[in-house]
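Protein sequence lines, in the order shown, are assigned to chains A and B. 2 is the number of the first residue of the first sequence in my numbering; add one for each residue after it. 32 is the number of the first residue of the second sequence in my numbering; add one for each residue after it. Here's the structure we're looking at; comments come further down.
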Amino acid sequence: MGKPTFSQNFSAAVAETRLRLINISRYPGQLAMEIIIPIIFASMPMLLGRATAGDNASANFAANTGTTNYVAFLLIGSNVFTLVSNAFWHIANWLRFEQETGTLESIYLTPTPSIVIASGVAIYSVGRGLISALLAYFIGCLIFQVNPIQGDVLLALLFIFFGLLPLYGMAMLFGALVLKVKESNALIQLMQWVVSFLMGIFYPVAVLPPLVRVVAYLFPPTWMVNGVRSSLLGVGFFFGQWYLDMAVLWAFMLAAPLFGYWVFTRVESNVKRNEGMGEF
Amino acid sequence: MISQTSIFTFIDTVLVMARKELTIMIRYPVEFVASFIQVFIIVTVLTLAGMMFSPDGVRASSGVSNTAGLVVYGFILFLFISDVLWTIGYNVRRDQKQGTLEQLYLSPASKFANLLSRVVVTLVWTGLLSITSSWIMSSMIGGLPMNNVPLAIGILLLGLCGTIGTGFAFAAITLKIREAANTLANLIQFAFMLLCAPFFPFSGLPDWIRNISRLIPTSYTVDAFRSTLMGYPKGFPELAPIEVEIAIVAAFGILMPLIGYWMYRRQENIARTDGSLSEY
Chain A
2 MGKPTFSQNF SAAVAETRLR LINISRYPGQ LAMEIIIPII FASMPMLLGR ATAGDNASAN
62 FAANTGTTNY VAFLLIGSNV FTLVSNAFWH IANWLRFEQE TGTLESIYLT PTPSIVIASG
122 VAIYSVGRGL ISALLAYFIG CLIFQVNPIQ GDVLLALLFI FFGLLPLYGM AMLFGALVLK
182 VKESNALIQL MQWVVSFLMG IFYPVAVLPP LVRVVAYLFP PTWMVNGVRS SLLGVGFFFG
242 QWYLDMAVLW AFMLAAPLFG YWVFTRVESN VKRNEGMGEF
Chain B
32 MISQTSIFTF IDTVLVMARK ELTIMIRYPV EFVASFIQVF IIVTVLTLAG MMFSPDGVRA
92 SSGVSNTAGL VVYGFILFLF ISDVLWTIGY NVRRDQKQGT LEQLYLSPAS KFANLLSRVV
152 VTLVWTGLLS ITSSWIMSSM IGGLPMNNVP LAIGILLLGL CGTIGTGFAF AAITLKIREA
212 ANTLANLIQF AFMLLCAPFF PFSGLPDWIR NISRLIPTSY TVDAFRSTLM GYPKGFPELA
272 PIEVEIAIVA AFGILMPLIG YWMYRRQENI ARTDGSLSEY
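This is the structure in structure tokens:
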């Protein structure tokens, strides 16, 4: 049996995407929650700020973050958080689900490389995450009566697009974690919050202590969220110019997927040799 | 054997079952530590977000701060209420999945003790989390107001009794809707975050949402608890005079466990009759 061709691999990836889409279409409640949660999450600090700062809410917020539009600032944070969470959980859950249902071993016996299946899951995850995040952002802006389309929308979309690739590279690390540790929900949940803290989900990373800030700059989501905020709200790029920040994201785009893939394949071959894929 | 209903037998049953829960909990140290760290990260994220609306930025205010009281005491209630509400239903679901629920119901052990034992460990654990997270938050935002502590503890205990009752009712719903309970629990948790205003004053809510909040007893628990500890500053309590709020919280604390337990037994009998107790 020869190696599958590009079109065969592509077909396998699309089939995996379709499988996931059919599966999630059976749980509409989960999809609705994915739109509601970021809005409610962003509304917590918003309502606190409005109630405690009163008429000075916008001015105080601008003094601390660089924009008076706290609604959009917070909604962007909570929706990028949704994208990050989706990336981590969808890759991890895919492997865990196959482990638990006993199909992972069979998948690894087919000629389709695991990275092709993972790509199918990633395409599904990106589509689901983007639709949810965009809907949540627009609905949130509508509820809180601010204009969602302001600033450079195209540039913001580019930051999201180029930020997603390194993000899924990072997500492969969680795939490796599931292969190795199996029941790793608690660790993934923790990492999801660590990343949200470091990327400045509801605040600029400038408020973090210097050492923590350095660590934050090593995470692609930090550059993605600040890029989107700067494009739409003009809070200021880290290096002053959008193309310099974008260049950093490009560097991540090359390094993170390679690193994630390298770790994943190493763990994968290790598990194949020593324990077998069927264990869960 | 079946008629042994003395108080000592009851307490013994609760303690033995609580010990079982504790044993399970400490067998997963990673999960244990991860959940602890996760709470601190969430606390820090929300605190930093709230501080973006402060004229002082991320500097803690000197002396006692009512804003700190508002957020920290609300957070304590959020931790207790969401843990208690969720734990009972989650544990019933776990027994259902593991296939031990049917066996438990064949034993002569008290069903009430069985349900109650599920929250004993959670209450101790959440208590520890609350103390530590309060310390972190107050060091970031400012000193906590500490007035009328005995009365506040009384309100907290009554509120918890009511929430345990709601937890029983949720366990009944879990028996009925099974896996969809996860989504429902998420929805309830986020609805609580918005409608019961644990992280912001009720004045932050639009009037029509505040009217819905007035229909939920837990809102009065949140309002009475933090207003009492803050020493009833101007504008607090926000929903009703404190006497009325305490009366509502007391009625909730006394009646809800009875109603919730009645609902649980009723659903359990239905599940036994139609043979769905062990189905999942």
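Cβ coordinates follow ideal geometry from the N, Cα and C atoms, glycine included. Remember, predicted model here, so these are calculated numbers, not experimental data.
Distance cut-off 6 Å: D254(B) Cβ against heavy atoms of the ligand FMN: The ligand content of the structure shown is nil, which means the ligand FMN is not present either.
Can you pull the chain A neighbours of V76(B), defined as C-beta to C-beta under 7 Å? Taking the second sequence and counting its residues from 1, the one referred to as residue 76(B) is at position 45. The contacting residues are S197, F198, I202, F203.
Work out the CA separation of V117(A) and L110(B) for me, nearest whole Å. On the second sequence, residue 110(B) is found 79 positions in, with the first residue counted as 1. On the first sequence, residue 117(A) is found 116 positions in, with the first residue counted as 1. Computed Cα separation, rounded: 42 Å.
Between the CA atoms of S164(B) and V70(B) - distance to the nearest angstrom: As a first step, residue 70(B) must be located in the second sequence, where it is residue number 39. As a first step, residue 164(B) must be located in the second sequence, where it is residue number 133. Each residue's Cα considered, the two are about 8 Å apart.
Suppose only complete runs of 4+ residues qualify. What are the alpha helix (DSSP H) ranges in the region 139–218 of chain A, listed by chain order? Listed in chain order, the complete alpha helix (DSSP H) runs (minimum 4 residues) inside the region 139–218 of chain A are 154–182, 186–200, 211–218.
Sequence-distant residues of its chain with Cβ nearer than 6 Å to I36(A) (five each side left out): Walking along the first sequence from the start, residue 36(A) turns up at place 35. Once the five neighbours on either side are set aside, the close Cβ partners of I36(A) are S133, L136, A137.
Under 7 Å by beta carbon: chain A residues contacting N217(B): As a working note, residue 217(B) is residue 186 in the second sequence. Under a criterion of Cβ atoms nearer than 7 Å, the residues of chain A adjacent to N217(B) are, in order, M34.
Suppose contacts are defined by Cβ-Cβ distances below 7 Å. Is F163(A) in contact with M254(A) by that definition? Within the first sequence, residue 163(A) is the residue found at index 162, counting from 1. Within the first sequence, residue 254(A) is the residue found at index 253, counting from 1. In contact: F163(A) and M254(A) (Cβ atoms closer than 7 Å).
Candidates I57(B), T54(B), L189(B), D114(B): closest to W278(B) by CA position: On the second sequence, position 247 is the one that residue 278(B) refers to. A small correction: the amino acid at residue 278(B) is Ala; Trp does not occupy that position in the sequence shown. Cα-wise, what sits closest to A278(B) is L189(B).
Roughly how many whole angstroms lie between the Cα atoms of M32(B) and P139(B)? Translated into the one-based positions of the second sequence, residue 32(B) becomes position 1. Translated into the one-based positions of the second sequence, residue 139(B) becomes position 108. With a pLDDT of 45 at M32(B), under the threshold of 50, the modelled position of that residue is not reliable, and no figure is offered here.
Got a sec: is the Cβ-Cβ distance from P237(B) to anything in chain A below 7 Å? Taking the first residue of the second sequence as position 1, residue 237(B) is located at position 206. Judged by the 7 Å Cβ criterion, P237(B) is not in contact with chain A.
Same chain, Cβ closer than 6 Å to S113(B), neighbours up to 5 away in sequence not counted: Position 82 of the second sequence, counting from 1, holds the residue named residue 113(B). Around S113(B): Q220.
With DSSP as the reference, label L49(A) as helix, strand or coil. As a first step, residue 49(A) must be located in the first sequence, where it is residue number 48. The answer is helix: DSSP assigns L49(A) an H, G or I state.
Could you tell me the boundaries of the alpha helix (DSSP H) in which N24(A) lies? By 1-based counting over the first sequence, the position of residue 24(A) is 23. Where N24(A) is concerned, the enclosing alpha helix (DSSP H) stretches over 7–26.
Across the region 255–273 of chain A and the region 69–87 of chain A, are there enough close Cβ pairs to call them in contact, namely three or more that are closer than 8 Å? no
Inter-stretch contact at 8 Å, needing at least 3 Cβ pairs: the region 82–92 of chain B / the region 41–58 of chain A: yes
Enclosing alpha helix (DSSP H) for Q69(B) [first to last residue]: As a position in the second sequence, residue 69(B) is number 38, starting the count at 1. Its alpha helix (DSSP H) spans residues 60–82.
Starting from R274(A), trace the alpha helix (DSSP H) both ways and give me its first and last residue. Here residue 274(A) refers to the residue found at position 273 when the first sequence is read from its first residue. Note, R274(A): alpha helix (DSSP H), 243–275.
Should T83(A) be labelled buried (16 or more other beta-carbon atoms within 10 Å of its own) or exposed? Indexing the first sequence from 1 puts residue 83(A) at position 82. Flag for T83(A) reads buried.
Rounded to the nearest angstrom, what separates W117(B) and I172(B) at their Cα positions? As a working note, residue 117(B) is residue 86 in the second sequence. As a working note, residue 172(B) is residue 141 in the second sequence. Going by the C-alpha atoms only, they are around 29 Å apart.
Who are the Cβ neighbours of F203(A) in its own chain at under 6 Å, not counting the five residues just before and after it? Working through the first sequence from its first residue, we reach residue 203(A) at position 202. Answer for F203(A): P46, L75, G78, listed in chain order.
Quick check on the burial criterion: 16 or more other C-beta atoms within 10 angstroms. Buried or exposed for F256(B)? Sequence index remark: in the second sequence, residue 256(B) carries index 225 (1-based). F256(B) should be labelled buried.
Whole angstroms is fine: what's the gap from T223(A)'s alpha carbon to A271(B)'s? Sequence index remark: in the first sequence, residue 223(A) carries index 222 (1-based). Sequence index remark: in the second sequence, residue 271(B) carries index 240 (1-based). Cα-Cα distance, rounded: 44 Å.
Collapsed DSSP secondary structure at V236(A) in the structure displayed: Residue mapping note: residue 236(A) aligns to position 235 of the first sequence, counting from 1. It is coil, neither helix nor strand.
Among F11(A), I41(A), M192(A), A88(A), which residue has its Cα nearest to the Cα of P167(A)? The residue you call residue 167(A) lines up with position 166 of the first sequence. The residue with the shortest Cα to Cα distance from P167(A) is A88(A).
Local conformation of N57(A) per DSSP, three classes: Residue numbering aside, residue 57(A) sits at position 56 when the first sequence is read from its first letter. In the structure shown, N57(A) sits in a helix (DSSP, three-state: H, G or I).
Contact with chain B by I51(A), beta-carbon distance below 7 Å: Here residue 51(A) refers to the residue found at position 50 when the first sequence is read from its first residue. According to the sequence provided, residue 51(A) is Arg. The question's Ile does not apply to it. At least one chain B Cβ lies under 7 Å of R51(A).
Would the beta-carbon of S148(B) fall within 7 Å of that of M287(B)? Indexing the second sequence from 1 puts residue 148(B) at position 117. Indexing the second sequence from 1 puts residue 287(B) at position 256. For S148(B) and M287(B), no; Cβs fall outside 7 Å.
Chain A beta carbons: is any one of them nearer than 7 Å to that of I301(B)? Residue numbering aside, residue 301(B) sits at position 270 when the second sequence is read from its first letter. Not one chain A Cβ lies under 7 Å of I301(B).
Within the 7 Å Cβ cut-off, does M261(B) reach chain A? In the second sequence, residue 261(B) corresponds to position 230, counting from 1. No, M261(B) lies away from the interface with chain A (no Cβ there is under 7 Å from its Cβ).
Between the Cα of M225(A) and the Cα atoms of V236(A), V215(A), D246(A), which residue gives the shortest distance? In the first sequence, residue 225(A) corresponds to position 224, counting from 1. Checking every option, the nearest Cα to that of M225(A) belongs to D246(A).
Contact criterion: CB-CB distance below 7 Å. Does F231(B) meet it with respect to chain A? Position 200 of the second sequence holds residue 231(B). For F231(B), the answer is yes, since a Cβ of chain A falls inside 7 Å of its Cβ.
Quick check on DSSP: helix, strand or coil for I33(B)? By 1-based counting over the second sequence, the position of residue 33(B) is 2. Legend: pLDDT at I33(B) = 48, less than 50; position of this residue unreliable, value from coordinates given subsequently. Reduced to three states, the DSSP call for I33(B) is coil.
Quick one: give me the first and last residue of the alpha helix (DSSP H) that C192(B) is part of. Here residue 192(B) refers to the residue found at position 161 of the second sequence. Its alpha helix (DSSP H) spans residues 180–208.
Using 7 Å as the limit for Cβ to Cβ distance, is T8(B) near chain A? For chain B, the structure presents residues 32 to 311; residue 8(B) sits outside this window and is missing.
Assuming T194(B) and C227(B) are in contact, meaning their beta carbons sit under 8 Å apart, how far apart are those beta carbons, in whole angstroms? As a first step, residue 194(B) must be located in the second sequence, where it is residue number 163. As a first step, residue 227(B) must be located in the second sequence, where it is residue number 196. Rounded, the Cβ-Cβ distance is 11 Å, inconsistent with contact.
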